[in-house]
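Data block below; observations after.
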Amino acid sequence: MGQAAMGRKRAVLVGINYVGRPDELKGCLNDVARMRRCLVDRFGFDGADIRVLADADPSTPPPTGANIRLELERLVAGARAGDTLFFHYSGHGLQLPAETGEDDDTGYDECIVPCDGNLIKDQDFKELVAKVPDGCLFTIVSDSCHSGGLIDKAKEQIGNSNKHNRSQQTGDQQETRPPSRTSVVGIIHGVIESLSIHLLRRGSPQSGHGQSNGSAELDMKTEVTSHASVKSRSLPLSAFIEMLRENTGEDDVGVGTIRATLFRHFGDDASPKVRKFVEAMAAGKLRQDGKLLEGDDGGQVDTRSRALASGQEARSRSVKEVYAGTAASVPLPRNGVLISGCQTEQTSGDATTAEGVSYGLLSNAIQTILASNKHGAVTNRELVLKARELLSEQGVTTQQPGLYCSDEHASAPFIC
996 MGQAAMGRKR AVLVGINYVG RPDELKGCLN DVARMRRCLV DRFGFDGADI RVLADADPST
1056 PPPTGANIRL ELERLVAGAR AGDTLFFHYS GHGLQLPAET GEDDDTGYDE CIVPCDGNLI
1116 KDQDFKELVA KVPDGCLFTI VSDSCHSGGL IDKAKEQIGN SNKHNRSQQT GDQQETRPPS
1176 RTSVVGIIHG VIESLSIHLL RRGSPQSGHG QSNGSAELDM KTEVTSHASV KSRSLPLSAF
1236 IEMLRENTGE DDVGVGTIRA TLFRHFGDDA SPKVRKFVEA MAAGKLRQDG KLLEGDDGGQ
1296 VDTRSRALAS GQEARSRSVK EVYAGTAASV PLPRNGVLIS GCQTEQTSGD ATTAEGVSYG
1356 LLSNAIQTIL ASNKHGAVTN RELVLKAREL LSEQGVTTQQ PGLYCSDEHA SAPFIC
């Protein structure tokens, strides 16, 4: 544990079940409750230093985009060498195509989906982790779909979400990217992934006091051998657009206007990456090749957007230039570790047993592995490899957790 053991240990835990929505999940609050108990009992965190945001628990702040970002900024802002920082997210993940001219590791914007739809993106996490001081390690667990590459530019240790790594695969080894959500096939794919599928759980070490709402406390010592209904934690783009329409009151939200809608509705609370893109739009008009044409914005952005872009028009002539400028000013995220629930092209499972106990497949795997290693440290690499093995043994072959961090941190103990 070394130096980190002498510092302060602080955490932010977010669980979003999207209560009452058609895309409601069941296991996210349980994931957070189990992780909180684990942090206190195993890793020595003080309960007062753990912030929880959960929509199914009215005693906590609502997990809106602004609230999550505020807690994460506070977490990092107060960090010192020797501290241990931890963020756990259980909820929906979303994949947006990267903008024309944008340099992205995966070719997509990987996002987490707060309860109000105010997306937090991969580049936001990169910029957050880049603020972590040397001597301090920030571990992120994202039990959500499309979470591979959630820290943009972090080195991929285990996985194939990175475009370079995917290009090395051939034949049966190469995974198939889901079809475009806007195509007929893509719409069908989105419907299928939003439905529950049933998997035979073979000896999954998990149980609890069954409740129909899935909120039962889980006992890691008991095994469940019953069937579990597994729902994807992926939010189809069509479902997210509907969420955005409901939350913003704007009926004309479409695939091409998501970023502008987020900016108009959330303003300064929107993702910095969204704000940067809208500022570029306000500076001119995009062509298909990513270049910005000077002149009127054609009504695509409002006066507020144009005001924010003041002084940038002369500097910004392509979306690539805008993003490149941002990337150049942000150091690589060397003091962060991401354990993703799956690869960027995959979905993570939200399971509910016949007894009514719910959990995320990655979260359950982590707790199972830690429980079987009560007294010894488990490295980040060991944890991810064992999680992959455990899911495979349980018959889950389409969800492969990933690890993103430096070589040094891959062999470091999980959390501390």
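Mapping the sequence shown onto this note's numbering, position 301 (from 1) lands on 1296, and the numbers just tick up by one.
We put the CB at the ideal spot given by N, CA and C, even for glycine.
1. In whole angstroms, give me the CA-to-CA distance for L1020 and S1229.
2. What residue does the beta strand (DSSP E) around G1355 start on, and which one ends it?
3. Mind checking T1392: buried by the 16 CB within 10 Å criterion, or exposed?
4. Would R1422 be called buried (16 or more neighbouring beta carbons within 10 Å of its own) or exposed?
5. Could you check the C-alpha separation between Y1084 and V1027 for me, to the nearest Å?
6. Please check the pair S1358 and D1138, which I expect to be a contact at CB under 8 Å, by giving their CB distance rounded to whole angstroms.
7. Does the stretch 1122-1129 come within contact of the stretch 1328-1337, defined as at least 3 CB pairs closer than 8 Å?
8. State the start and end residues of the unbroken alpha helix (DSSP H) segment that holds E1245.
9. Given this structure, state the Cα-to-Cα distance separating T1347 from Q1338, to the nearest angstrom.
10. Helix, strand or coil for S1387 per DSSP?
11. So what does DSSP say about F1133, is it helix, strand or coil?
12. In three-state terms, what does DSSP make of A1346?
13. Name the DSSP bridge partner or partners of C1106?
14. Out of curiosity, what's the CA-to-CA distance linking G1361 and N1375?
15. How far does the alpha helix (DSSP H) with V1273 in it extend, from its first residue to its last?
16. Need the endpoints of the alpha helix (DSSP H) that L1257 sits in, please.
17. Is E1241 buried or exposed, if buried means 16 or more other CB atoms sit within 10 Å of its CB?
18. Taking Cβ to Cβ, would you say G1073 is nearer than 8 Å to V1108?
19. So who's on the other strand from T1079, going by DSSP bridges?
20. Report yes if the C-beta distance between G1355 and S1367 is below 8 Å; otherwise report no.
21. Measure the alpha-carbon distance for L1034 versus G1088 and round it to whole angstroms.
22. Going by DSSP, what residues sit across from Y1399 in a beta bridge?
23. Have a look at G1060 and S1266 and give me their C-alpha separation to the nearest angstrom.
24. Which same chain residues, not among the five before or five after D1119, have their C-beta less than 7 Å away from its C-beta?
25. Can you look up R1069 in the DSSP assignment and give me helix, strand or coil?
26. What are the boundary residues of the alpha helix (DSSP H) that includes R1029?
27. In chain order, what residues of the same chain have a beta carbon less than 7 Å from the beta carbon of L1024, not counting five sequence neighbours either side?
28. Does the Cβ-Cβ distance between V1379 and I1410 come in under 8 Å?
Considering the structure as presented:
1. Roughly 10 Å separates the two Cα atoms.
2. Segment S1353 to G1355, the beta strand (DSSP E) holding G1355.
3. Under this definition T1392 is an exposed residue.
4. No statement about residue 1422 is possible, as the shown extent of the chain runs from 996 to 1411 and does not include it.
5. Separation of Y1084 and V1027 (C-alpha to C-alpha, rounded to the nearest whole angstrom) is 8 Å.
6. About 5 Å separates the two Cβ atoms, so the contact holds.
7. In this structure the stretch 1122-1129 lies against the stretch 1328-1337, because at least three pairs of beta carbons, one per stretch, are closer than 8 Å.
8. Counting along the chain, E1245 sits inside no alpha helix (DSSP H), nor does DSSP assign it H or E at all.
9. Put simply, the backbone Cα of T1347 is about 22 Å away from that of Q1338.
10. S1387 falls in the helix class under three-state DSSP.
11. Here DSSP, grouped into helix, strand and coil, assigns F1133 to strand.
12. Three-state DSSP puts A1346 in a strand.
13. Beta-bridge partners of C1106 (DSSP): L1089 and K1116.
14. At residue 1361 the sequence reads Ile, which differs from the Gly that was named. Distance between the alpha carbons of I1361 and N1375 is about 11 Å.
15. Per DSSP, V1273 belongs to the alpha helix (DSSP H) from P1267 to A1277.
16. L1257 -> alpha helix (DSSP H) spans I1253 to F1261.
17. Classification for E1241: exposed.
18. With respect to the 8 Å criterion, G1073 and V1108 are not classified as neighbours on the basis of their beta carbons.
19. Bridge partners of T1079: K1004 and L1132.
20. No.
21. The straight-line gap from Cα to Cα measures roughly 24 Å.
22. For Y1399, which the question treats as bridged, DSSP gives the partners E1151 and L1333.
23. So the two alpha carbons sit approximately 8 Å from each other.
24. For D1119, where only same-chain residues beyond five positions count, the Cβ hits under 7 Å are S1266, P1267 and K1268.
25. For R1069, the three-state secondary structure derived from DSSP is helix.
26. Its alpha helix (DSSP H) spans residues C1023 to D1036.
27. Excluding sequence neighbours, L1024 sits near G1010, N1012, A1049, A1051, D1052 and S1210.
28. Not in contact: V1379 and I1410 (Cβ atoms no closer than 8 Å).
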